[in-house]
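Undergrad: Submitted below is the structure of interest, expressed as structure tokens.
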Amino acid sequence: MNEGVRSYQLILPSVVCSTHLSRRIAQEVGAITFAHQHGCGIIGLDVAGIDNFFIDLATHPNVSSVLIVGLGCETIQSNELGGKISSLNPSSKYIVIQESGGVEGAVEKGITEARSLKSRFQGPHLPTDSFIVGIDSASNHEGLILFLENLGIKCVQSPKGFSELMSLKAQIILSFPTPSQPPSGFPLIPVLNVAGSGVLHQALSHEFDLHNSAAYQEIADAIVAVAAGSKTISESNNSGEIIAPRLVRSV
Amino acid sequence: MSALTGFKRSDGRWGFRNHVLVLPLHQVLSNTAREVEGLVDGAVAVSHDWSGEVDSDFERIAKVLAGIANNPNNFATIFLTVGTPIETEIITRSRSLGATELHVLSLSELGSMTALLAHATNLATQLTQKATAVVRVDAPMSAIVLGLECGGSDAYSGITANPALGLASDRLVAQGATSILAETMEILGSEHLLAARAITPEVGKQIIDVVARYERSISYEGIDIRGAQPSRGNIEGGLSTLEEKSLGAAKKAGSAQFTGVLEYADTPPTPGLYFMDTPGHDIEQLTAFAGAGVNITVFTTGRGTPTGSAVMPTIKVATNSEMGLVLTDLIDLNAGTISDGVQTLDEVGDLIYQEILDVANGKLAKAEINGQHEFNLSRLYGSTL
Chain W
143 MNEGVRSYQL ILPSVVCSTH LSRRIAQEVG AITFAHQHGC GIIGLDVAGI
193 DNFFIDLATH PNVSSVLIVG LGCETIQSNE LGGKISSLNP SSKYIVIQES
243 GGVEGAVEKG ITEARSLKSR FQGPHLPTDS FIVGIDSASN HEGLILFLEN
293 LGIKCVQSPK GFSELMSLKA QIILSFPTPS QPPSGFPLIP VLNVAGSGVL
343 HQALSHEFDL HNSAAYQEIA DAIVAVAAGS KTISESNNSG EIIAPRLVRS
393 V
Chain H
28 MSALTGFKRS DGRWGFRNHV LVLPLHQVLS NTAREVEGLV DGAVAVSHDW
78 SGEVDSDFER IAKVLAGIAN NPNNFATIFL TVGTPIETEI ITRSRSLGAT
128 ELHVLSLSEL GSMTALLAHA TNLATQLTQK ATAVVRVDAP MSAIVLGLEC
178 GGSDAYSGIT ANPALGLASD RLVAQGATSI LAETMEILGS EHLLAARAIT
228 PEVGKQIIDV VARYERSISY EGIDIRGAQP SRGNIEGGLS TLEEKSLGAA
278 KKAGSAQFTG VLEYADTPPT PGLYFMDTPG HDIEQLTAFA GAGVNITVFT
328 TGRGTPTGSA VMPTIKVATN SEMGLVLTDL IDLNAGTISD GVQTLDEVGD
378 LIYQEILDVA NGKLAKAEIN GQHEFNLSRL YGSTL
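The listed protein sequences derive, respectively, from chains W and H.
Using my numbering, the first residue of the first sequence is number 143, and each one after it goes up by one.
Using my numbering, the first residue of the second sequence is number 28, and each one after it goes up by one.
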């Protein structure tokens, strides 16, 4: 089991209808959660696709334990999702709103269950030298990747966004937003944003961790510092949503 | 005192709440919007995951964002922007609707997320103070734009809550209000019955065409919708087929004539009963209503669901006492009394009608008390039409 550079408890809503209650539980216990619009009204490839996406989140190295919060009548059933997740991350449980007496009952039960979950990782949490850096960019960063890999930092690259890098188990993301996009974050993964030279990025220079002419060594130093616990700017702001991949319209 | 009170907007529409909506135009600002909602009493926020992509879904996204900003239940809307041209396009579109006081705070002008949060919090505080000072005035029944929704349906839906809601809808429409039935999937199999109630043959044909278009769009994906619906929760609730679900769902629209057919999130042009083309997905439907200017929604449910909207009070009506008497902190009215033999359909229809007026006049629905502000920007429509 790979240990991550962060050790978060995830309150995972298995359907849009449980996202608000999940946030209430997460705020109470100091866990991470996210809003989304999935889990019901989905058909075809999306049923397995969303299921797998939730499993990827729940088993990500930066996630220490997981509480799944379901509604009860949705397409993705939380008992089934919970079964799949617990075989991969034993520090997991699920609750169902419709079986918990309503809103307050479910929040109360969720807080109790979330607090009862132990981290799946042993001992004090330490950064390892085997973490994976995900590079979010459509451009070629061969030189940078070679430099980082020579330092023992593994890299994966994808132009498909943070969620894809999450599924590839990246524990830190190095993002090079396009000139029309602001720096952003991802709730479970620290994101280091590298500025470009465009007008928007200049206006948002305070929100970038690294400037556009940052040397490879400077980037490597920033990655190592984040792995050791220093917060990225987007992490401090809690900015950025989790965007699930969809292939088919809702029904 | 009049039966109905509300807030008259500059475009002639009426609101029953006086919200200050914080609306991010880029996903990276969604958390800031939620934080302002948490800090400022009276501010409401929605969050979404759109990053300004311009693709075949853009037209729908722009319509929904411009529309919800102008929902008549808003006193004012604060747009949070990154500072890109595509956001300006949506704001321009929203200004042309002209119902609500619109404000814009730009991240690139303010220079940092911290400054944006501080400015948004200050502005929301000032605007909520202004909003609180506005008093309700007597409103005509035509002020009501009612959304009809069902979710987590069961075998009782079609005999208790839905027909009772239909009676309330008929009564309001007869008094000059607007009422909107939606969820195209959930009229599949009963569209011929609804088309027969259309005010003109053209409207009847539109109802048939919208359902046919929907069925084509889903079969385009290589999927027979009848294999995926009713949902697992519906089946556990005793529904056997999509046609059975549809016949029950359509009862929410009572027996009034259909005045017209609306595309997703389109504003109804005149009072009357409408059908709107939306998915059955509860939140995509609620979002379409919010974008269309619906100012109050009644949501019937068999299994029980807590969801609501940042801008529209959403009244939950239980279809059965087994759930309705248990999940009491998310249910406003229990229509299970009809199948229990305790109340008649007419009596529950009257109760729903009165609840609509009470909530319009300021009584908080459970979803409002619980702070349920679900919203989403639906995708992948362009590719399937």
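Note that CB positions come from ideal geometry on N, CA and C, so glycine has one too.
His162/W touches chain H at which residues, Cβ-Cβ below 9 angstroms?
TA: By Cβ distance, chain H contributes Pro333, Thr334, Gly335, Asn397, Gly398, Gln399, His400 and Glu401.
Undergrad: In whole angstroms, what separates the C-alpha of Ile245/H from that of Ala103/H?
TA: The alpha-carbon atoms of Ile245/H and Ala103/H are separated by roughly 38 angstroms.
Undergrad: Are three or more beta carbon pairs between the stretch 285-293 of chain W and the stretch 202-218 of chain W nearer than 8 angstroms?
TA: Touching, no, given that fewer than three Cβ pairs across the two stretches are closer than 8 angstroms.
Undergrad: On the criterion of 16 or more Cβ atoms from any shown chain inside 10 Å, does Leu316/W qualify as buried, or is it exposed?
TA: It counts as buried.
Undergrad: If you draw a straight line from the C-alpha of Thr355/H to the C-alpha of Gly225/W, how long is it?
TA: Approximately 30 angstroms between the Cα atoms of the pair.
Undergrad: Would you mind stating whether Gly331/H and His400/H have Cβ atoms separated by less than 8 angstroms?
TA: Going by C-beta atoms, Gly331/H is not nearer than 8 angstroms to His400/H.
Undergrad: Distance, Cα to Cα, Leu154/H vs Glu218/H?
TA: Approximately 45 angstroms between the Cα atoms of the pair.
Undergrad: Taking a cut of 8 angstroms between CB atoms, which residues from the stretch 294-321 of chain W lie near chain H?
TA: The residues in question: there are none.
Undergrad: Using a C-beta to C-beta distance shorter than 8 angstroms, which residues of chain W count as neighbours of Ser267/H?
TA: Here the premise fails: no neighbours, minimum Cβ distance about 16 angstroms.
Undergrad: Note down, in chain order, every chain H residue with its Cβ under 8 angstroms from the Cβ of His348/W.
TA: Near His348/W (Cβ distances below 8 angstroms), the residues of chain H are Gly138 and Ser139.
Undergrad: Taking only beta-carbon positions, decide if Ser405/H is within less than 8 angstroms of chain W.
TA: Yes - at least one Cβ of chain W is within 8 angstroms of the one on Ser405/H.
Undergrad: 8 angstroms is my cut-off, CB to CB: does Arg391/W come that close to chain H?
TA: With 8 angstroms as the cut-off, Arg391/W counts as an interface residue toward chain H.
Undergrad: My assumption, with CB atoms under 8 angstroms, is that Leu22/H sits in contact with Leu107/H. Please give the rounded CB distance.
TA: The structure shown does not extend to residue 22/H, since chain H is modelled only from 28 through 412, so no value can be given for it.
Undergrad: Under 8 angstroms by Cβ, that's how I've got Ile185/W and Ser305/W pegged, so tell me the actual separation to the nearest angstrom.
TA: Contact flag wrong, Cβ pair sits at about 20 angstroms.
Undergrad: When the Cα atoms are used, what is the spatial distance from Leu187/W to Ile396/H?
TA: Going by the C-alpha atoms only, they are around 37 angstroms apart.
Undergrad: In the stretch 245-265 of chain W, which residues sit with their C-beta less than 7 angstroms from some C-beta in chain H, listed in chain order?
TA: Residues passing the 7 angstroms Cβ filter: Val245 and Glu246.
Undergrad: Among Glu291/W, Ser164/W and Ile210/W, which has the Cα closest to the Cα of Asn231/W?
TA: Here the closest residue by C-alpha is Ile210/W.
Undergrad: Could you have a look at Leu150/H and say whether DSSP puts it in helix, strand or coil?
TA: In the structure shown, Leu150/H sits in a helix (DSSP, three-state: H, G or I).
Undergrad: Using Cβ-Cβ distances below 7 angstroms, what residues of the stretch 167-199 of chain W are close to chain H?
TA: Per Cβ criterion, the list reads Ala177, Gln179, Cys182, Gly183, Ile185 and Gly186.
Undergrad: Given a threshold of 16 other Cβ atoms within 10 Å of its Cβ, counted over all protein chains shown, does Pro112/H qualify as buried or as exposed?
TA: Exposed, since its Cβ has fewer than 16 Cβ neighbours within 10 Å.
Undergrad: Taking Cβ to Cβ, would you say Met339/H is nearer than 8 angstroms to Asn361/H?
TA: Cβ atoms of Met339/H and Asn361/H: not closer than 8 angstroms.
Undergrad: Going by the DSSP bridge assignment, what does Cys177/H pair with across the sheet?
TA: The partner list for Cys177/H (beta bridge, DSSP) reads Thr327/H.
Undergrad: Is the stretch 182-199 of chain H touching the stretch 343-352 of chain H, taking contact as three or more C-beta pairs under 8 angstroms?
TA: A contact exists between the stretch 182-199 of chain H and the stretch 343-352 of chain H.
Undergrad: Measuring only the C-alpha atoms, how far is Phe402/H from Asp82/H?
TA: If you take the alpha carbons of Phe402/H and Asp82/H, they lie about 20 angstroms apart.
Undergrad: Assign Thr254/W to buried or exposed, taking buried as 16 or more other Cβ atoms, counted over all protein chains shown, within 10 Å of its Cβ.
TA: With fewer than 16 other Cβ atoms within 10 Å, it is exposed.
Undergrad: In its own chain, which residues sit with a C-beta less than 7 angstroms from the C-beta of Ile88/H, not counting the 5 before and 5 after it?
TA: Closer than 7 angstroms at Cβ, skipping near neighbours: Trp77 and Leu404.
Undergrad: I need the boundaries of the beta strand (DSSP E) containing Gln344/W, first residue and last residue.
TA: Careful: Gln344/W lies outside any beta strand (DSSP E), inside the alpha helix (DSSP H) at Val341 to Ala345.
Undergrad: Would you say Gly94/H and Gly318/H are within 8 angstroms of each other, going by their C-beta atoms?
TA: Yes, the pair counts as a contact, with Cβ atoms nearer than the cut-off.
Undergrad: Of the residues that make up the stretch 373-386 of chain W, which ones have a beta carbon closer than 9 angstroms to any beta carbon in chain H?
TA: Residues Ile375, Ser376, Ser378, Asn379, Asn380, Ser381, Gly382, Glu383, Ile384, Ile385 and Ala386.
Undergrad: Where are the beta strand (DSSP E) runs, 3 residues long or more, that stay fully inside the stretch 273-357 of chain W, in chain order?
TA: DSSP runs (the beta strand (DSSP E)) wholly in the stretch 273-357 of chain W: 274-278, 296-300, 314-317 and 333-335.
Undergrad: From Ala277/H to Ile214/H, what distance separates their C-alpha atoms?
TA: Cα to Cα, the separation comes out at about 6 angstroms.
Undergrad: Hey, out of Tyr236/W, Asn292/W, Thr320/W and Ile295/W, whose CA is closest to Lys302/W's CA?
TA: Measuring from the Cα of Lys302/W, the nearest candidate turns out to be Thr320/W.
Undergrad: Starting from Met350/H, trace the alpha helix (DSSP H) in both directions and tell me its first and last residue.
TA: Run containing Met350/H: Ser348 to Gly351, per the alpha helix (DSSP H) assignment.
Undergrad: Is it right to say Gln312/H is buried, meaning 16 or more other beta carbons lie within 10 angstroms of its own, or is it exposed?
TA: It is buried - the Cβ of Gln312/H has at least 16 other Cβ atoms within 10 Å.
Undergrad: Could you compute how far the alpha carbon of Thr115/H sits from the alpha carbon of His130/H?
TA: Whole-angstrom Cα-Cα distance: 12 angstroms.
Undergrad: Say whether chain W places a C-beta atom closer than 8 angstroms to the C-beta of Leu360/H.
TA: With 8 angstroms as the cut-off, Leu360/H does not count as an interface residue toward chain W.
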